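To convert, note that position 81 of the first sequence is 81 in UniProt numbering; the numbers rise steadily by one, no gaps. From the three backbone atoms N, C-alpha and C, an ideal C-beta is built for every residue, glycine too. Fair warning: this is a prediction, and the values are worked out from it, not measured in the lab.
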Amino acid sequence: MSDPTPNDNQQQLIGSTDGIYRVDAGAGTGKTFAVTRRYARILETTDAAPEDILLVTFTRNAAAEMRDRIVQQTDYDLRQLQDAPISTFHAYCFRLLRRHGHTAPTALGIDDQIPDSLDLIEEQARAKQLFRRFMSRFADDHPEHADLLRVFYDRGTLHALIGELAAKGVVPTRNGWYRATGEPLTGDRERFFDAFTAANQPNEGANGPTNSDARGAVGGWDAGEYAPDAPTRGELHDDPRISRSVVEDAYDADRDALLAFIHDVYIEYLAFALSQNYLTQGLMLALAFVMLCESPGVRARIGHEYVMVDEFQDTNELQFKIALLLARTNNICVVGDWKQSIYGFQHTSVANITDFGERLQRFTSELNADCRRIDYAVDDVQTIPLFENYRSSASILSFAEQSLSIPATSSEDVGDPLAGTRSLEATNAVDNAQIDAYRADGEYDLVLDRIQHIVKNESYAVETSNEPQADEDASDEDRIAAEHERLGPPSYDDIAVFTRTRAFARGLLERAEEYGIPLAYEGGVELFDTPEAKLALAWLRIAESDGRRGWAVALERAGYGFERTQTILDEESYPDAMLQFRDELTELETLGGFLRRVFDRYGRTSVYADALVDHLTGLYDGTLLTRGETISYIEENLAAETTVEIDANPGSDAVTLQTIHGAKGLEYPIVILGNLNERSFPHYGQPPSCPIVYDDATGLRQTRMYSEAGAYPHVYRNWRHRLLQACLPSDYDEERRLLYVAMTRAKRHLLFTAGEEPSRFMDGLSIEAEEIDPDPTPESHSPIDHEPFTVDVPTSRDIPTRLGVHDIMDDSVYDNRTGGRGTAFGTELHDFAEAYALGESVEPANNDQRAVAQLISGLAGEFRVEETALLPLPGEPAVTLSGIIDLVHVTDTQIDVIDYKTDPDRVAHEEYRKQLSAYYHVLASVYPDREIRLQVFYTQTAESVEVTPLSTDRLRELAIAAMAGSSGES
DNA sequence: CGGAACCATTAGAGT
DNA sequence: AATGGTTCCG
């Protein structure tokens, strides 16, 4: 978006810099623009420097975008803002903790200090694995918790609960809880009984009062399912309600053992993690919080004059408190939209924004309870609504509002959640919106049919050009005329299909491939649960030790029946062709080569195959996984249901397919919201995988209890938890917000589809679904195949050491350089170059980028961008060099390897030669019949300098020297 | 209208 | 294991 004049409400935000503001920034209201303008204005109108303004966001991308926008709007350049606190919560707190928090654990009674080498773990699977290791030690050390440990099928599930408690701000000490942070664990009795009283009111029937909702929810109560102390059906009755006294007894029953257990697990896990030099993100924030509470000196030094928090609906309680501690004055501004809060499962708390004023006061008095930490007034909160929407047509905006009040179950009473809020106002002049709902048996075909119906169809016109734009003060007629001129029939990439579940997306993707309709999935994929991963796992097992399980899968794949497979396994009489293939595989040296060979053999060319190879070969810097390690890695991730991000092919004209969560923050001209099916959307929750659960109203509870009260010792369902659960209404607000988010992504047109069983959300829409007999026609869009460049050298049996190409380069040459524009500049340029080469519509932001653009547009032929290159150097010890090639330009006769360098001078030229030489040998083996040229492209002067390659022997020498050097230093 | 039995389903993903 | 819906009986 260009930078127009701010509208009135944006201007109000930009101009209001003193005091506390809650900004209701609705979808598409130019929030980023306004926030960055506000930042710029603070710099211009006060004597504040960038380090006085804290700007926190939720994602790294958002932080980077904010920084870029600020550079555009101020006199500061990227380098000057490099150290400015424009950051994610996590990155900022991690930095803080490392600088000032070495002794933070002592406040909790933990002797370990925070080491400089602290490892911050992001990968769920790894964190959980480490937690399991801790739990088995914990179980040995704590026989007194034996009864509680018995209720677990998988102790690893406790890991998520610890994370949830940390997000609430609950922090343990050796002897209890840090300050009063343990209070929420016992629950909020008043809140529970208020809810209970409401749910226990008799309903109004035609013939008098009928069962209360709570009474209805314990239908099917069978005391036999529970430990012997459970009340019978009759004892629950207090017609037509549930007996209050039974519920009170259940609520107040003794939970000391449970609380002690959770306390011990939590504090010892924290100590364990520190002793192992790592922290998870949640624990890290908790320690940063402790450090800020404990150190008035640090608060005084780093406290910021201005604090802004973006996407405030995605923060948790702990982050709210941290933000308060980081502010030196009450110049605090939180920006967000409660209607787009869809990350509750990541422990975010929508009440941070909906109850902002109340929480602000409560958290402040908590933080000031034992000493004064928050030294500014928090009683005056101004609310600024941003309501001018720059994305969607008016009819889409008004249609989307209903999503927040469609009930998810027959009994749910939603009320009017939008009462008192201001509706979004469209700025589109032309409203040509088509809003339609369709239903068919076979929803995949229905969606594909609708896509084909829409593409090139005038009645689904979208903006096909940025021109002409009417002046800001043009008359309505002129604006309408200009907008009409910009409209034209849509293409595939104007369309996005959103789904609630990945399963639906996966099915649709497969169907689209059958028809040859271009759909590109964007987002997380359960990569280890794909047929490709299972195939890879089978052959890895065959090649490694655990052959039987591998052969079973391979034989089944090959079409052998169950009986026959059993015989073959028992007799070990495997088919010759398969044995031969195994021998061939075991000869292969690299993991990448192994996987490729397996996928080639089975004709697997899907994106999953590519992603798997990329993921497994790129896992750890410096080392390659052995086959054995790969097997356990796949197994762990399969069990942990790990997802891996898959990139859609940019540059091509394809429909985007993603989950609603993945679509947050994005916009598309045409949105098809699929998957509006019973039990999919709205989604009715899942049984808790952890037998200990937390809820604000009830506190910590066990879903299962070990008891010896019956005839035999047994783990029973916990009747108290079951009863309390029944007394609380289910909450589907977040499902409705998902519906809202999905609808408000659409700029021009909005379609809904459902299959055999449309859900309540579909039925609840104010339009009727049209029945359709879908008939998609086959097309011929072939997927672009894509293989990373690898060379297989089956020689030594030793696993080669992996070395990055930069490791063989000598950094000391930079000591003599005259200038240098920082890594941020270089990264930006590379990102731009990648996007440009892939044909995305990006504009060069500076001279260097223009030089790259000119270079690329002058080249005819095929591009490979940011390609991974692996060069095995056989010998003793074996080494594999790895690197990423900026640009490979492929023509029929020659290959150009191009690497961009932003250096103003060329002191490192000889070092670049080493890097490019490695790429040379990789490409020489991939394209043996073509000439390969190496070019260093100096972006400042727009000059290409050709270099000649070094021999592999020379590269080997350099690699050996580099390994010796690094091991000698450490 | 209340109650019981039975059925189908089982998510989402930042740092 | 938990959830909401559906169906059927008294």
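Around the Cβ of residue i, are there at least 16 other Cβ atoms within 10 angstroms (buried) or fewer (exposed)?
i	result
residue 789	With a pLDDT of 34 at residue 789, under the threshold of 50, the predicted position of this residue should be treated as unreliable, and no value is reported.
residue 791	Confidence at residue 791 is low in this model, with a pLDDT of 31, below 50, so its placement is unreliable and the value that follows should be read with caution. Its Cβ being crowded by 16 or more others within 10 Å, residue 791 is buried.
residue 249	exposed
residue 494	buried
residue 100	buried
residue 485	exposed
residue 317	buried
residue 220	exposed
residue 867	buried
residue 31	buried
residue 564	exposed
residue 716	buried
residue 4	exposed
residue 136	exposed
residue 276	exposed
residue 784	For residue 784, the predicted structure reports a pLDDT of 42, less than 50, and the residue's modelled location is therefore unreliable. A value from the coordinates is still provided. By the neighbour-count rule (16 or more Cβ atoms within 10 Å), residue 784 is not buried but exposed.
residue 767	exposed
residue 336	buried
residue 389	buried
residue 352	buried
residue 175	exposed
For the alpha helix (DSSP H) containing residue i, name the first residue and the last one.
i	result
residue 1034	The structure shown does not extend to residue 1034, since the chain is modelled only from 1 to 970, so the question has no answer here.
residue 353	351-354
residue 9	8-15
residue 61	60-73
residue 209	No alpha helix (DSSP H) contains residue 209, which is instead part of the beta strand (DSSP E) from 208-212.
residue 531	531-543
residue 974	Limits of the chain in this structure are 1 at one end and 970 at the other, which puts residue 974 out of reach.
residue 469	Unbroken run through residue 469: none, as it is neither H nor E.
Looking at C-alpha atoms only, which residue of the options is the closest neighbour of residue i?
i	options	result
residue 696	193, 293, 58	193
residue 380	414, 371, 341, 333	333
residue 874	87, 938, 960, 371	960
residue 211	159, 411, 128	411
residue 443	181, 746, 776, 939	776
residue 106	270, 898, 164, 253	270
residue 293	309, 324, 809	324
residue 616	407, 632, 759, 69	632
residue 426	276, 399, 116	399
residue 396	808, 124, 765	765
residue 488	462, 479, 467, 499	462
residue 17	579, 290, 37, 850	37
residue 508	453, 174, 280, 448	448
residue 534	265, 637, 512	637
residue 230	241, 521, 723	723
Terminal residues of the continuous beta strand (DSSP E) containing residue i?
i	result
residue 336	332-336
residue 917	Unbroken run through residue 917 is the alpha helix (DSSP H), 909-926; no beta strand (DSSP E).
residue 656	655-659
residue 936	931-938
residue 343	That residue, residue 343, is in no beta strand (DSSP E); it is neither H nor E in DSSP.
residue 24	20-25
residue 632	Not the beta strand (DSSP E): residue 632 falls in the alpha helix (DSSP H), residues 627-639.
residue 977	Limits of the chain in this structure are 1 at one end and 970 at the other, which puts residue 977 out of reach.
residue 680	Where residue 680 is concerned, there is no enclosing beta strand (DSSP E), given that its DSSP letter is neither H nor E.
residue 498	495-499
Can you list, in chain order, the stretches of the beta strand (DSSP E) that have 3 or more residues and sit fully within the segment 381-442?
-> 381-386, 435-439
With contact counted as at least three CB pairs below 8 Å, one residue from each stretch, are the segment 283-300 and the segment 85-104 in contact?
-> yes
Enumerate, from N- to C-terminal direction, the unbroken beta strand (DSSP E) stretches of 3 or more residues contained entirely within the segment 85-153.
-> 86-88, 119-121
Do the segment 675-688 and the segment 540-547 touch if we need at least three Cβ pairs shorter than 8 Å?
-> no
Contained alpha helix (DSSP H) runs [length at least 4] in the segment 803-889, N- to C-terminal order = 822-837, 847-857
Does the count of Cβ pairs from the segment 702-716 and the segment 359-370 closer than 8 Å reach three?
-> no
Could you say if the segment 414-433 and the segment 39-54 meet the contact criterion of at least three C-beta pairs nearer than 8 Å?
-> no
Mind pulling the alpha helix (DSSP H) runs of 4 or more residues that sit fully within the segment 281-319?
-> 281-294, 296-302
When the Cβ atoms of the segment 654-669 are set against those of the segment 496-511, are three or more pairs found closer than 8 Å?
-> yes
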